[in-house]
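Protein chains in written order, with numbering that gives the first Met the number 0: chain B, 0 to 149; chain C, 0 to 245; chain E, 0 to 117.
Where is the CB? At the ideal position from N, CA and C, for every residue including glycine.
First the structure, in the form of structure tokens, and then the observations on it.
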Amino acid sequence: MTATRPRAYRQAVPRLWWLRRRSYLLFMLRELSCVFVAWAVLFLLLLLKAVGNGHVDYQRFLEWAAKPWVIAVNVVALAFLVFHAVTWFNLAPKAMVIRVPKQMLAVAPKAIVRRLPEGRVPGWLIVAQNYIAWVCVSAIVAGLVMWSGS
Amino acid sequence: MAETITLLVTRYRPDTEAEPTIAEYEVPLRKDWAVLDGLNHVKDQLDGTLSYRWSCRMGICGSCGMTVNGEPRLSCATFLTEFAPGPVRVEPLANFPIVRDLVVDIDDFLRKLPTVKPWIVRHVDWVEDGEYLQTPDEQSAYKQYSMCINCMLCYSACPVYGVDPDFLGPAAIALAQRYNLDSRDQGAADRLDVLIHPEGVWGCTFVGECTRACPKGVDPAGAIQRYKLTAAMQSVRALVLPWSAR
Amino acid sequence: MRRRTRPIEPFLWLLFSAGGVLAALFLPVVLLLFGVAYPLGGIGPPTYQSLHALAAHALTRVVIFSVCVLSLFHWAHRFRFTLLHGLQIGRLDRVVSMFCYDGALVGSLAALVVLMRL
Numbered sequence: 000m001t002a003t004r005p006r007a008y009r010q011a012v013p014r015l016w017w018l019r020r021r022s023y024l025l026f027m028l029r030e031l032s033c034v035f036v037a038w039a040v041l042f043l044l045l046l047l048k049a050v051g052n053g054h055v056d057y058q059r060f061l062e063w064a065a066k067p068w069v070i071a072v073n074v075v076a077l078a079f080l081v082f083h084a085v086t087w088f089n090l091a092p093k094a095m096v097i098r099v100p101k102q103m104l105a106v107a108p109k110a111i112v113r114r115l116p117e118g119r120v121p122g123w124l125i126v127a128q129n130y131i132a133w134v135c136v137s138a139i140v141a142g143l144v145m146w147s148g149s
Numbered sequence: 000m001a002e003t004i005t006l007l008v009t010r011y012r013p014d015t016e017a018e019p020t021i022a023e024y025e026v027p028l029r030k031d032w033a034v035l036d037g038l039n040h041v042k043d044q045l046d047g048t049l050s051y052r053w054s055c056r057m058g059i060c061g062s063c064g065m066t067v068n069g070e071p072r073l074s075c076a077t078f079l080t081e082f083a084p085g086p087v088r089v090e091p092l093a094n095f096p097i098v099r100d101l102v103v104d105i106d107d108f109l110r111k112l113p114t115v116k117p118w119i120v121r122h123v124d125w126v127e128d129g130e131y132l133q134t135p136d137e138q139s140a141y142k143q144y145s146m147c148i149n150c151m152l153c154y155s156a157c158p159v160y161g162v163d164p165d166f167l168g169p170a171a172i173a174l175a176q177r178y179n180l181d182s183r184d185q186g187a188a189d190r191l192d193v194l195i196h197p198e199g200v201w202g203c204t205f206v207g208e209c210t211r212a213c214p215k216g217v218d219p220a221g222a223i224q225r226y227k228l229t230a231a232m233q234s235v236r237a238l239v240l241p242w243s244a245r
Numbered sequence: 000m001r002r003r004t005r006p007i008e009p010f011l012w013l014l015f016s017a018g019g020v021l022a023a024l025f026l027p028v029v030l031l032l033f034g035v036a037y038p039l040g041g042i043g044p045p046t047y048q049s050l051h052a053l054a055a056h057a058l059t060r061v062v063i064f065s066v067c068v069l070s071l072f073h074w075a076h077r078f079r080f081t082l083l084h085g086l087q088i089g090r091l092d093r094v095v096s097m098f099c100y101d102g103a104l105v106g107s108l109a110a111l112v113v114l115m116r117l
């Protein structure tokens, strides 16, 4: 592009551009949440490895997990995981525009049809479904862990 | 309300300077004045050498994009009172080379835009049958993406474009979608190669700043994510059912 | 613009997306229980027998494996772009990609081994 304009001034992008704006910083934090996703997988695998080795190792794992620095890391990791989940569920509807078929629109109550932005399933509905799924999955997992075998 | 407000305007005179500088201008602070009116006052009354682009002054031509107080804005749609008591920094659009003062070189975008074939592509023409009809429902499928005025605020806001100038960019992809989703168009396959290039949709990391900056509500970020899903599904189909035509 | 297409890119994105969903749904509650609630002592952790029985169940192992593998590929894809864009090292894409995706593969193998040993 500078062939036609040899003296055009190229504005430099700062090395750490994401520190320049709050929205950029939030974006970078969201991206960095993936590191804590990997940590959570590692933590889960360490737990399962201990379980596989027997009840002595399981106890040792629980003691290790109770160390202050491990708890601190996990609290931070949990915060980032929740941040990941919330941003993910809020953004997911952007990729999927589900259009309500004309036949359905024809038989649906007018009050509902009026609220559909241009015949699409409203974004908030998809977001709500994501959160409901999150609550259900969490409840099932928690229930299984806390009450199976008791 | 104060009588005047200070504009801190970037000046760059390639013949005499190696780097941009900042000039201070005091312009009247009127309730109904936009930054563009302030610049016009500077040019008319204070410093006729200031260069900048503008045309319609009503947010439809897309010419007057600038960085106002660090954000990509249309100078005709940004009112001075928003920043009172000031000062207001008026800089050229970020991520583009500066030609002079507030004028940037947008050749990169103009080169990329035709590669996505932003026009109705027909493989089969039935001219004798008359116009291609379209229902309001079919129009609503792409209407939002047709609102783009090529103002480049999205490119200015996009950090990926800033870091990687080869990235196709939000407006180009949104415009490709505008035609892909148009019921009269048959060119989705023609646009595929450019869009699924690593510097096409796959370079986007859904920062979302483009949608935030867009003055016409085009939501390019949404358009890109939708296309990622479409393209990915197509790749899966091509892998699983290689005999089905694209 | 270089015109070579990289055919694996859409599949990497699909893995990233699937991983994002599974990580969001499953990992917070796991970390809440085993990373915070049990270590802090508020609730008693599950007994070894009940946890082993739950984890060793075929269905549980399949679910855990899917969550781990896809979450690791989610990390790989996102971390790759975080490094490339965040540190502006785009020309090192080959190296960074190898580190990330191969890392995810190694992690997936580790997950397989751990789950088989339950």
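Using a cut-off of 7 Å between C-beta atoms, extract the partners of residue 18(E) located in chain C. Simply none; closest approach about 14 Å.
Name the residue from 73(C), 192(C), 198(C) and 169(C) whose alpha carbon lies nearest to the alpha carbon of residue 269(C). Because chain C in this structure spans residues 0 to 245, residue 269(C) falls outside the shown range and cannot be described.
Just tell me which of 223(C), 162(C), 7(C) and 13(C) has its CA closest to the CA of residue 11(B). 162(C)
Beta carbon of residue 168(C) nearer than 8 Å to that of residue 108(C): yes
Kindly indicate if chain B contains any beta-carbon less than 8 Å away from that of residue 12(E). no
With 8 Å set as the bound, which would you pick, yes or no: does the beta-carbon of residue 49(E) sit closer than that to a beta-carbon of chain B? yes
Return no unless some Cβ of chain E is closer than 8 Å to the Cβ of residue 48(B). yes
Under 7 Å by beta carbon: chain C residues contacting residue 7(B): 96, 97, 98 and 104
Since I believe residue 33(E) is in contact with residue 64(B) (beta carbons under 8 Å), could you give me their beta-carbon distance rounded to a whole number of angstroms? 7 Å
In chain C, what lies closer than 7 Å to residue 80(E) by C-beta? 204
Rounded to a whole number of angstroms, what is the C-alpha to C-alpha distance between residue 110(E) and residue 131(C)? 56 Å
Where residue 158(C) meets chain E, residues with beta-carbon distance less than 8 Å: 84
Per DSSP, which residues does residue 64(C) bridge with? Please list them. 73(C)
Can you name, in chain order, every residue of its own chain whose Cβ lies under 7 Å from the Cβ of residue 75(E), other than the five neighbours on each side? 99, 100, 102 and 103
So residue 135(C) is in the alpha helix (DSSP H); what residue range does that whole segment cover? 135-139
Can you find a C-beta in chain C that's less than 8 Å from the C-beta of residue 24(B)? no
Considering just the uninterrupted stretch of the alpha helix (DSSP H) at residue 139(B), what are its terminal residues? 122-146
Excluding sequence positions up to five away, which residues of its chain have a Cβ less than 8 Å from the Cβ of residue 320(C)? Within the shown structure, residues of chain C are numbered from 0 to 245, placing residue 320(C) beyond reach of any answer.
Going along the stretch 71-98 of chain B in order, which residues come within less than 7 Å of chain D, judged by CB to CB distance? Structure shown: chain D not included; protein chains present are B, C and E.
Within the 8 Å Cβ cut-off, does residue 224(C) reach chain B? yes
My output table needs one value for residue 107(B): the three-state DSSP class, helix, strand or coil. coil
Sorted by chain position, which residues of the same chain lie with C-beta nearer than 7 Å to residue 79(B)'s C-beta, five sequence neighbours on each side aside? 32 and 35
Using the rule of at least 16 other Cβ atoms within 10 Å of the residue's Cβ for burial, across every protein chain shown, is residue 30(B) buried or exposed? buried
Residues in its own chain within less than 7 Å of residue 19(C) by CB, not counting five upstream and five downstream? 9, 10, 11 and 97
Quick one: Cα of residue 0(B) to Cα of residue 106(C), how far? Bear in mind that the predicted position of residue 0(B) carries a pLDDT of just 44, short of 50, making it unreliable; the figure below should be weighed with that in mind. So the alpha carbons of these two residues sit roughly 6 Å apart.
Should residue 139(B) be labelled buried (16 or more other beta-carbon atoms within 10 Å of its own) or exposed? exposed
Are the stretch 139-147 of chain C and the stretch 42-57 of chain C touching by the rule of at least three beta carbon pairs closer than 8 Å? no
Opposing strand residues paired with residue 23(B) [DSSP bridges]: Per DSSP, none; premise fails for residue 23(B).
Using a beta-carbon distance below 8 Å, is residue 5(E) in contact with chain C? yes
For residue 2(C), tell me which candidate among 209(C), 93(C), 22(C) and 37(C) has the shortest Cα-Cα distance. 37(C)
Tell me where the alpha helix (DSSP H) around residue 4(C) begins and ends. Here residue 4(C) belongs to no alpha helix (DSSP H); instead the beta strand (DSSP E) covers 3-10.
How about the stretch 76-92 of chain B and the stretch 11-30 of chain E: do they share at least three Cβ pairs that are nearer than 8 Å? yes
Identify whether residue 89(C) lies in helix, strand or coil by the three-state DSSP scheme. strand
Is residue 210(C) closer than 8 Å to residue 202(C) when the C-beta atoms are compared? no
Ends of the beta strand (DSSP E) at residue 22(C)? 20-27
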